[in-house]
Structure formats: C-alpha cells, structure tokens
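Shown next, in structure tokens, is the structure this report addresses.
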Amino acid sequence: MDILQAFILGIIEGFTEFLPVSSTGHLIVVSHWLSLPQSDANKAFEVIIQFAAILAVIANYKDKFSLKHKVLWSKLILAFIPIGIFGLLFHHQIKALFTVPIVSTMFIIGGVVFLVVEYFYKEGPEHITDMESLTYRQALWIGIAQVFALIPGTSRAGATIIGAMLVGLSRKASAEFSFLLAFPVLTAAAGFDLLRHYQDFEGANFLIMFTGFVTAFIVAYLTMKLFISFLQKYTFVGFGIYRILFGGALLWLMH
Numbered sequence: 289m290d291i292l293q294a295f296i297l298g299i300i301e302g303f304t305e306f307l308p309v310s311s312t313g314h315l316i317v318v319s320h321w322l323s324l325p326q327s328d329a330n331k332a333f334e335v336i337i338q339f340a341a342i343l344a345v346i347a348n349y350k351d352k353f354s355l356k357h358k359v360l361w362s363k364l365i366l367a368f369i370p371i372g373i374f375g376l377l378f379h380h381q382i383k384a385l386f387t388v389p390i391v392s393t394m395f396i397i398g399g400v401v402f403l404v405v406e407y408f409y410k411e412g413p414e415h416i417t418d419m420e421s422l423t424y425r426q427a428l429w430i431g432i433a434q435v436f437a438l439i440p441g442t443s444r445a446g447a448t449i450i451g452a453m454l455v456g457l458s459r460k461a462s463a464e465f466s467f468l469l470a471f472p473v474l475t476a477a478a479g480f481d482l483l484r485h486y487q488d489f490e491g492a493n494f495l496i497m498f499t500g501f502v503t504a505f506i507v508a509y510l511t512m513k514l515f516i517s518f519l520q521k522y523t524f525v526g527f528g529i530y531r532i533l534f535g536g537a538l539l540w541l542m543h
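Dropping the structure here:
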C-alpha cells in the first residue's frame, strides 16, 4: 500500500462509516479496484482507520462522554449486546461472507428497505427527537436490528437508523443514536482485530498508517456534522436509490 492508496481508503472509511451505505462494503470494493490484497498488513491498516472513526465520535459528542449521561450509555450498551454476542459467536462465518456478490446483493436489499420505510414513515410530533428519551425496549430493538449489519454490505449505520425509525425516533435522533452506538461497536471490533493482528504492526510503514488515520478522522468528523444538517431538510430516499444503483453496478461489472 502506498500513500495515495492510504489516503483514498481513509476517505472511504471516514465518509461511509456513519452513512447508511456500508463502509465495509465500500472498503472491500475499493480495495479490490486498487488491487490491494487482504493481507495481514492491510488488515492492520483497516484497524487503524477504524480507530480514527471512533475518535471522531468522541470529538463530535464529547459532551456525551460523562457520568451525567450514564442512563443513555446504559441504553447504548444494551443495544450493543446483540451484535456483540452474534459477532463473537459467528465471526468465522461472517468473514466468509465478505465477497463482492454478497456485498452487491445486500446493497440492493438495503436500498429497497430504505425506500419502503421512507414511503410509510411520516415524521411528526409523536416521534422522539431527543435520543436520551428512548426507552430500554426501544434501545434493545435497535440493537437487534443492528445484528443484520453483520452481513457485509448491509451497513451498520443503515441497520441501526432503520431500527430506530421503526421504533419511533426522528431521522435526526436515529442518526445520532447510530453515531454513539458506533463507539462500543467499533471499539469492540477494532480491539478484537487488534488482538488478532497486533504482530502485523511490527515493521509497518508509519507514514502510511498516519495518513490513513488522519484522513479518516477528519472526513468522519465532518461527515457526521454534514449528515445531521442534511437530515434537517431531506430524507433517506437518496441513500436508498444510491444503494440500489451502486449494488446493481457492481453486479453488472462482475459479469
């Protein structure tokens, strides 16, 4: 991997991690286009840029990382438990699903789900606009919805946002809960991968790692802010259409 490739992957991670378009799916596809093998060194690089996304969450919502928000974090931990259990028990089977055909198919399915949900979803005063107001039951249902994100191409952000909208949150509150829920999920995933690939950091190119980390952090930080502003005026229909077109293009290019 060279500096330019690290820069490109940093942009992809930062831009897609918190949008409902599947960061993993995009990284798989872009790495394939850049002719980057799934080597141990490249897996270690992906751990680094994931940590950058984690840091971006803290930077954007630093006021939430305090004891006065312990009730909110208890709900976030509850929402994390389902994917934590399934991810730990079936991580070998999940890794086997990391193929372009599966990613493409899940892009399309996820896009259709977004269009269907948006067709019936009418945001009104009855919807929860403050994520701190959701109940433990709602948090658990969001966590159950997040389990679908274990299928590559589904999108963790997409699954949690859809789950949150279905249990009564506004679009903005759904996105913000998804951002914060990324913290325990990404921390657990990156920590697990770090334990498995820590030896691959020996002799790693520091400049390449640094480039990817800084790029992913800056792009993720700005993407979260812009995404929330976007949701003040628009719906998720555009993301649904994008997912279907992107998935369809991938299937077409494979033939």
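Take 289 as the starting number for the sequence shown in the numbering used here and just add one per residue. For each residue, glycine too, the CB sits at the ideal point set by N, CA and C.
Rounded straight-line distance, which links the Cα of LEU324 to that of PHE467: 29 Å
What does DSSP give as the partner residues of ILE397 in its beta bridges? Looking at the DSSP assignment, ILE397 forms no beta bridge with any residue, so it has no partner.
Using 8 Å as the Cβ pair cut-off and three pairs as the minimum, do the segment 402 to 413 and the segment 434 to 443 touch? no
Outcome for HIS314 when other beta-carbon atoms lying within 10 angstroms are tallied against a minimum of 16: buried
So, is SER354 buried or exposed, given that buried needs 16 or more other C-beta atoms within 10 angstroms? exposed
What's the call for VAL359, buried or exposed, on a 16-neighbour Cβ count within 10 Å? exposed
Put LEU377 into one of helix, strand or coil per three-state DSSP. helix
Measure the alpha-carbon distance for ASP290 versus PHE303 and round it to whole angstroms. 20 Å
For ALA463, which option in PHE306, ALA294, LEU297, ILE296 has the closest C-alpha, if you only look at C-alpha atoms? PHE306
The alpha helix (DSSP H) spanning VAL507 covers which residue range? 494 to 519
What is the DSSP secondary structure of ILE439, reduced to helix, strand or coil? coil
Under 9 Å, do HIS379 and PHE480 count as touching if we go by C-beta distance? yes
Would the segment 435 to 455 and the segment 337 to 346 be scored as touching if the rule is three or more Cβ pairs under 8 Å? no
Limits of the alpha helix (DSSP H) - the one that GLN293 falls within: 291 to 304
Counting only beta-carbon atoms, is LEU315 nearer than 9 Å to chain D? Of the protein chains in the structure, only one exists, and it is not chain D.
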